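Participant: In our numbering, the protein residues as written are 16 to 698.
All residues carry an ideal CB built from backbone N, CA and C; glycine is no exception.
For clarity, every value in this text was computed on a predicted model and none was experimentally measured.
(1) Are the Cβ atoms of residue 75 and residue 56 separated by less than 8 Å?
(2) Can at least three beta-carbon pairs, one atom from the stretch 37-47 and one from the stretch 84-100, be found at a separation below 8 Å?
(3) What number of angstroms, rounded off, separates the C-alpha of residue 346 from the C-alpha of residue 403?
(4) Exposed or buried, which one is residue 576 when buried takes at least 16 other CB atoms within 10 Å?
(5) Quick check on the burial criterion: 16 or more other C-beta atoms within 10 angstroms. Buried or exposed for residue 548?
(6) Would residue 374 and residue 363 qualify as a contact pair, given that the criterion is a beta-carbon distance under 8 Å?
(7) DSSP on residue 279, reduced to helix/strand/coil?
(8) Between 456, 567 and 191, which lies nearest to residue 470 when the distance is taken from Cα to Cα?
(9) Can you list, in chain order, the residues of its chain with a C-beta nearer than 7 Å to that of residue 410? Leave out the 5 residues immediately preceding and following it.
(10) Distance check for residue 298 and residue 322, CA to CA, integer angstroms please.
(11) Below 8 Å CB to CB, which residues in the same chain sit around residue 677 once its five sequence neighbours on both sides are set aside?
(12) Using only CA atoms, which one of 49, 150 and 128 lies nearest to residue 161?
(13) Please list, in chain order, all residues of the same chain as residue 340 whose beta carbon is under 7 Å from its beta carbon, the five residues on each side excluded.
(14) Ends of the beta strand (DSSP E) at residue 498?
(15) Cβ of residue 600 within 8 Å of Cβ of residue 591?
(16) Could you tell me which whole beta strand (DSSP E) segments of length 3 or greater appear in the stretch 240-316?
(17) Using CA coordinates, which residue listed in 509, 546, 511 and 495 is at the minimum distance from residue 521?
(18) Give me the DSSP bridge partner(s) of residue 516.
(19) Starting from the C-beta of residue 17, find all residues in its chain whose C-beta is less than 8 Å away, skip the five residues before and the five after it, and write them out in chain order.
(20) For residue 529, collect the residues of the same chain with a Cβ closer than 8 Å to its Cβ; drop the 5 residues on either side in sequence, then sort them by chain order.
(21) Among 675, 154, 124 and 117, which has the Cα closest to the Cα of residue 135?
(22) Which residue wins for smallest C-alpha separation from residue 613, given the options 560, 49 and 635?
(23) Taking all protein chains shown into account, decide if residue 596 is buried (16 or more other Cβ within 10 angstroms of its Cβ) or exposed.
(24) Can the beta-carbon of residue 288 be found closer than 8 Å to that of residue 260?
(25) So is residue 488 buried or exposed if we call it buried at 16+ other beta carbons inside 10 Å?
(26) Rounded to whole angstroms, what's the CA-CA distance from residue 151 to residue 217? Just pull it up for me.
(27) Please list, in chain order, all residues of the same chain as residue 348 whose beta carbon is under 8 Å from its beta carbon, the five residues on each side excluded.
(28) For the alpha helix (DSSP H) containing residue 337, list its first residue and its last residue.
(29) Between the Cα of residue 13 and the Cα atoms of 205, 80 and 144, which residue gives the shortest distance?
(30) Which residue or residues does DSSP assign as beta-bridge partners of residue 677?
(31) Where does residue 613 fall in DSSP's three states?
(32) Would you call the stretch 17-34 and the stretch 119-126 touching, i.e. three or more CB-CB distances under 8 Å?
(33) Could you tell me the alpha carbon to alpha carbon distance between residue 165 and residue 504, rounded to whole angstroms?
(34) Which residue wins for smallest C-alpha separation from residue 586, given the options 197, 283, 293 and 629?
(35) What does the Cβ neighbour count give for residue 306, buried or exposed, with the cut at 16 atoms within 10 Å?
(36) So within the stretch 53-118, which uninterrupted alpha helix (DSSP H) runs reach at least 4 residues, ignoring any that extend past its ends?
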């Protein structure tokens, strides 16, 4: 960033000339007051008051104005020099002070007090209150103008953008300056003044301490959210890693020029970080799939804002917070989801999130700032709010490219899942394909129909493609056959339907999965030394069950402790040859898995020939084939939505664990030998 230009050079000259003049003209009358004021100003520059909006307020200007009014121009200039030097010493990097920046800052502050000094010399106000008002307004307004000039010449920003908001932000500093300076200048003696200044310093330090602690907590909360979301996004899909954090960075860059209220900015940035948390509750295959989603998969994907809102409402009761996340996929033209809101019906926060979301996707594919801005503006008025997009310029894009990092995407799959994926890709050839044919739909009439898929299905798919004016696809299934169906719209009310029978492919894939599962059975049994058995059919599990002695449903988190209590009652009646605590831990872990991975489940207890059996079954989507070895054998392995210790712990805290998993759910059979006396009674 080039600091030097005609404007900043003039400020540097002002700084050097004023500093030389002040040193030569330096003649103190009240040495104690000057030294104490300089110390206070330096402390306030080094320890600024941190506001929740993210701004820092140093209040050093009050000290400079006080010395200007009390001691004269030279004293004020020297105080400014000491304060700026203290600030740069605190923030210097690699033991180097950026000299040009220091001089520009010094020149800006010195030039800001010059108009106040000239006005006071010219007007000679008789009232202390009038003097303070003139000085405070002059300093803040002049400083604001110089700061705008620096940003325009160094950063290329447009001057006086969002003028109304920026001017309103001057009110509080001016008001505070008037109150404090009036009090200080109305002192009766120098001792009273020093006492008042020390009291004010103590009070300010207390306020600064508490404000900094508060900001640390806010920062900790933000960093925790960023770390958690980044890990979660990586588990959903490796290419999503860091998306929420990047959207938050982009939004932070834009909020100032969007004139977004500062009191709401922290919440909006927090919402940007976690806006995609709902994707963690979607089936993982949606994010692993190559190519376009089917209509049913698309409908499932569009549920993620609502799922995110449900999660967010439990963490952030602020209603607008959850609304921003719920509506961040709405479009300006009303074609978004989930509510199809349009225009200004969409909450402002959601419209800003949509821009941040879109920019991250564009920046991930392009690095040229002109191209990025062009692509963004193409979406104005259709996808994005045109008024907000119009406020974005090349300066913002340059900031985003500098700030937003795009690390190389790393493949999260391990060697076993890579092997399975390779085997799957080998299946996706011409070796196992079925019949393909075309069907035409015109004015609601089907031509060349084959009976399957059904006419109703074909008409619905054709109407959807014509309505959207783009190709769509869906999978059609009946009891015996599977079809992949693509609809392509033509002009008017005509569409072509391409139907491909994928039944042979699905059958082959099923056989392949069964073969892989059989190999897993042997590997898992060997590595676990017979403690864990993977079953390939549900019948193989059910045939081992003895007499049922109890059952309960598991539907919510509150049911997990109930399963422990239920198991404890059973163990009191039928004691087993292992610690009760270990049994309860294993049952608790299995029950927790049902809540984490499925919508509901059951906990059943059986007794068979000297063995107590606990069966926990869920109605989830099952364990993905490529994750089976990791989920079962790796201690502490966690899937996307699990934070538990896993099946390895359950196996270690039992006599044996048998697992059956399919697309309809997972069942765990945990067995414990009864105590010898109880076993003989049972037999």
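Facilitator: Short version:
(1) Residue mapping note: residue 75 aligns to position 60 of the chain shown, counting from 1. Residue mapping note: residue 56 aligns to position 41 of the chain shown, counting from 1. Yes, the Cβ-Cβ distance between residue 75 and residue 56 is below 8 Å.
(2) The stretch 37-47, when compared against the stretch 84-100, does touch it at the 8 Å Cβ threshold.
(3) Against the chain shown, residue 346 aligns to sequence position 331. Against the chain shown, residue 403 aligns to sequence position 388. Using only the alpha carbons, I get a separation of about 13 Å.
(4) As a first step, residue 576 must be located in the chain shown, where it is residue number 561. Result: exposed.
(5) As a working note, residue 548 is residue 533 in the chain shown. Buried, since its Cβ has 16 or more Cβ neighbours within 10 Å.
(6) As a first step, residue 374 must be located in the chain shown, where it is residue number 359. As a first step, residue 363 must be located in the chain shown, where it is residue number 348. Judged by their CB atoms, residue 374 and residue 363 are not nearer to each other than the 8 Å cut-off.
(7) The residue you call residue 279 lines up with position 264 of the chain shown. It is helical.
(8) As a first step, residue 470 must be located in the chain shown, where it is residue number 455. Considering only alpha carbons, the answer is 456.
(9) The sequence position of residue 410 within the chain shown is 395, counting from 1. Contacts found: 170, 171 and 172.
(10) Position 307 of the chain shown holds residue 322. Position 283 of the chain shown holds residue 298. If you draw a straight line from the Cα of residue 322 to the Cα of residue 298, it is about 12 Å long.
(11) Indexing the chain shown from 1 puts residue 677 at position 662. Result list for residue 677: 553 and 637, in chain order.
(12) The residue given as residue 161 occupies position 146 in the chain shown. Nearest C-alpha to residue 161: 128.
(13) Counted from its first residue, the chain shown places residue 340 at position 325. The beta carbon of residue 340 sits closer than 7 Å to those of 286, 290, 320, 323, 324 and 327, all from its chain and outside the five residues before and after it, given in chain order.
(14) Taking the chain shown and counting its residues from 1, the one referred to as residue 498 is at position 483. From DSSP, the beta strand (DSSP E) with residue 498 extends over 497-504.
(15) Numbered from 1 along the chain shown, position 585 holds the residue referred to as residue 600. Numbered from 1 along the chain shown, position 576 holds the residue referred to as residue 591. Result no, Cβ atoms of residue 600 and residue 591 do not sit closer than 8 Å.
(16) Taking only runs of at least 3 residues, no beta strand (DSSP E) segment lies wholly in the stretch 240-316.
(17) The count along the chain shown starts at 1 and reaches residue 521 at position 506. It is 495.
(18) Start at 1 with the first residue of the chain shown, and residue 516 comes out as number 501. According to DSSP, residue 516 bridges with 498.
(19) Within the chain shown, residue 17 is the residue found at index 2, counting from 1. Counting only residues of its own chain and dropping the five nearest sequence neighbours on each side, residue 17 has a CB closer than 8 Å to the CB of 169.
(20) What you label residue 529 is simply residue 514 of the chain shown in a count that begins at 1. Within the same chain, residue 529 has close Cβ partners 551.
(21) Residue mapping note: residue 135 aligns to position 120 of the chain shown, counting from 1. Residue 135 has its Cα closest to that of 154, out of 675, 154, 124 and 117.
(22) Within the chain shown, residue 613 is the residue found at index 598, counting from 1. The option with the nearest alpha carbon to residue 613 is 635.
(23) Counting from 1 along the chain shown, the entry for residue 596 is found at position 581. When all chains shown are included, residue 596 counts as exposed.
(24) Position 273 of the chain shown, counted from the start, is the residue given in the question as residue 288. Position 245 of the chain shown, counted from the start, is the residue given in the question as residue 260. Residue 260 sits close to residue 288, with the two beta carbons spaced by under 8 Å.
(25) Residue numbering aside, residue 488 sits at position 473 when the chain shown is read from its first letter. By the neighbour-count criterion, in which a residue is buried when 16 or more other Cβ atoms sit within 10 angstroms of its Cβ, residue 488 is buried.
(26) If you number the chain shown from 1, residue 151 lands on position 136. If you number the chain shown from 1, residue 217 lands on position 202. As the crow flies, the alpha-carbon of residue 151 is around 23 Å from that of residue 217.
(27) Sequence index remark: in the chain shown, residue 348 carries index 333 (1-based). Excluding positions up to five away in sequence, the list reads 357, 396, 397 and 398.
(28) On the chain shown, residue 337 is found 322 positions in, with the first residue counted as 1. Per DSSP, the unbroken alpha helix (DSSP H) holding residue 337 starts and ends at 334-341.
(29) Within the shown structure, residues of the chain are numbered from 16 to 698, placing residue 13 beyond reach of any answer.
(30) Taking the chain shown and counting its residues from 1, the one referred to as residue 677 is at position 662. Looking at the DSSP assignment, residue 677 forms a beta bridge with 680.
(31) Against the chain shown, residue 613 aligns to sequence position 598. The answer is coil: DSSP assigns residue 613 none of H, G, I, E or B.
(32) Because the criterion of three Cβ pairs below 8 Å is met, the stretch 17-34 and the stretch 119-126 touch.
(33) Within the chain shown, residue 165 is the residue found at index 150, counting from 1. Within the chain shown, residue 504 is the residue found at index 489, counting from 1. Answer to the nearest angstrom: the Cα atoms are 55 Å apart.
(34) Here residue 586 is taken as the residue at index 571 of the chain shown, counted from 1. Cα-wise, what sits closest to residue 586 is 629.
(35) Numbered from 1 along the chain shown, position 291 holds the residue referred to as residue 306. Its Cβ having fewer than 16 others within 10 Å, residue 306 is exposed.
(36) You should have 75-85 and 88-106.
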